[in-house]
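Some notes on the structure that comes next.
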Amino acid sequence: MIEYENLFLLNEPFIESYKESFSDSLNKGWFILGNKVST
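With my numbering applied, the sequence shown covers 1 to 39.
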């Protein structure tokens, strides 16, 4: 079997940050024009 890049292991250090950011955006209700996606 050919082992591919394990994305879970690469992203594991950032999981809590991802969860917090997603939860924050979800709770505020701003998905398209929210400050997390501003340019």
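By construction, the Cβ of each residue, glycine as well, lies at the ideal position given by its N, Cα and C atoms. Everything numeric in this text was worked out from a predicted model, so none of it was measured.
Query                                                                                                                                     : Result
Since S31 and S23 are thought to touch, with beta carbons under 8 Å apart, how far apart are those beta carbons, to the nearest angstrom? : Note on identity: in this sequence residue 31 is Phe, with Ser being the wrong assignment. Not quite, the Cβ-Cβ distance comes to about 13 Å (not below 8 Å), so this is no contact.
Report the three-state DSSP secondary structure of E3 (helix, strand or coil).                                                            : coil
Taking just the CA atoms, how far does L9 sit from E3?                                                                                    : 13 Å
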